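Encoded as structure tokens, the structure appears first; notes follow it.
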Amino acid sequence: MIKMTNVTKQYGDFAAVKKLSLTVNQAEFLVVLGPSGCGKSTLLRLINKMIERDEGEIQVGGVNIDELKGEELRKTIGYVIQSIGLFPHMDVKKNIGIVPHLLKWEENKINKRVDEMLLLVGLETEVYKNKRPNELSGGEAQRIGVARAIASDPEILLMDEPFGAVDPINRLRLQKEFRKIQRKLKKTVVFVTHDIDEALLLADRICIMNQGEILQIATPEKMLLHPKNDFVKEFFKGEGILTILSRKLAVDYAEPTILVGEPLDENATLRDVLTEMLLRGEEMITLINGSISWEKILKIAGSEINEF
Ligand SMILES: Nc1ncnc2c1ncn2[C@@H]1O[C@H](COP(=O)(O)OP(=O)(O)OP(=O)(O)O)[C@@H](O)[C@H]1O
Ligand SMILES: [Mg+2]
């Protein structure tokens, strides 16, 4: 858990973050959105003591960060920085293994972990592990940055636009893979992005900032249907109930029936099901664990709207 209370960070007269209070629950995926310069990176860097605040209190895992040295704190928190920040004189293997090395893992264990991490981010071990950062493309370097942040299996991850330079196909794969891992391993994640689709896909809650302040923190559903003010509304313009349906897996709503015809795969969302119904001209679609009707989807959509 991360708890920030009335935190302010000043640069001269300018407050990059103003009296900001925020709790990120254990195992929560919090996505921070907001315009350039609103204080998103500053927020992350205050949490792991890359920068010191001027006012307020920050707790990580129930401990006041003032009680910890920056280096010690950072060994327990994975951090993907916006500018990637690989060590240029180290090869990929050393870059990924840096925190495990600092934590004095055995060499064998580190090597194995490096291979696993490269596999996870979709880069072939033999091709990449001995490369230097200047021999990587921007998107590849960014993926190594992600691999490095999660290599030591930290409880908390701070990620600053970690997939911004990755091509759309690999980005979607990484997003889905990463979300699956986060759910399984129950990591606490604070994830900064400019990409609204990415935010909606990944977030348990979204935190929207402007000019150093938090405007609204809420589930994507709540934020889409009940934006707190015009700024938030404008940010999510064009998104609506269909977006909410695209965040829900159809298999979670299936009703037991005898399966007829080709089922949609386990990753199909309610939005995919609606599309498929329109394409096939049918009011019932088979899934791997049952079926779902047009009526049921409308009911789900309706109850979302009423709930918020
Ligand atoms: N070292 C510094 N000295 C002075 N001002 C700074 C410093 N670092 C950041 N700022 C200012 O603080 C504000 C917040 O910066 P921050 O990097 O947190 O923005 P951001 O929301 O991450 O933006 P982006 O989306 O462009 O990455 C900006 O106006 C920036 O110019
Ligand atoms: Mg930033």
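Sequential numbering from 850 applies to the sequence shown in our numbering.
All residues carry an ideal CB built from backbone N, CA and C; glycine is no exception.
Predicted model, so just to flag it, every value in this text is computed and none were measured.
Check	Outcome
Validate contact between the stretch 1033-1053 and the stretch 875-885 using beta carbons, cut 8 Å, 3 pairs	yes
K889 CB to nearest heavy atom of ligand 2 below 7 Å	yes
S1152: CB within 7 Å of a non-hydrogen atom of ligand 1	no
Cβ pair count under 8 Å reaching 3, the stretch 935-942 against the stretch 981-988	yes
Straight-line Cα distance separating I914 from M899	12 Å
Euclidean distance between Cα positions of E901 and L895	6 Å
Identified DSSP bridge partners for A1052	DSSP, once it has assigned bridges, lists no residue as partnering A1052.
V873 CB to nearest heavy atom of ligand 2 below 7 Å	no
Straight-line Cα distance separating I933 from L1064	28 Å
Start and end residues, beta strand (DSSP E) containing S1142	1139-1142
CB of A1150 within 8 Å of CB of L1094, strictly	yes
Meets three-Cβ-pair contact criterion under 8 Å: the stretch 1022-1035 and the stretch 860-867	no
Proximity below 8 Å, CB of G971 to CB of A1014	no
Closer than 7 Å: A865 CB and nearest ligand 1 heavy atom	yes
Where I1057 sits in the DSSP three-state scheme	strand
Contact test: V1041 Cβ vs ligand 2 heavy atom, cutoff 7 Å	yes
Distance between A998 and I1078 (C-alpha atoms, nearest Å)	Before going on, a small fix: residue 1078 reads as Asn here, not Ile. If I take the Cα positions, the gap works out to 35 Å.
Sub-8 Å separation of I1137 and E1104 beta-carbons	no
Straight-line gap, I1146 to I907 (C-alpha atoms, nearest Å)	43 Å
K978, buried or exposed, once every other Cβ within 10 Å from all chains shown has been counted against 16	buried
beta-carbon Q931 near ligand 1 non-hydrogen atom, thresh 7 Å	yes
Ligand 2 heavy atom lying under 7 Å from the CB of D1009	yes
Contact with chain C by N944, beta-carbon distance below 8 Å	You won't find chain C in this structure, because it holds only one protein chain.
For L1108, the nearest candidate out of T925, D1044, L1091, I1134 (CA to CA)	I1134
Extent of the continuous alpha helix (DSSP H) run through V948	947-951
For A1067, three-class secondary structure by DSSP	strand
Cβ-heavy atom distance, Y977 to ligand 1, below 7 Å	no
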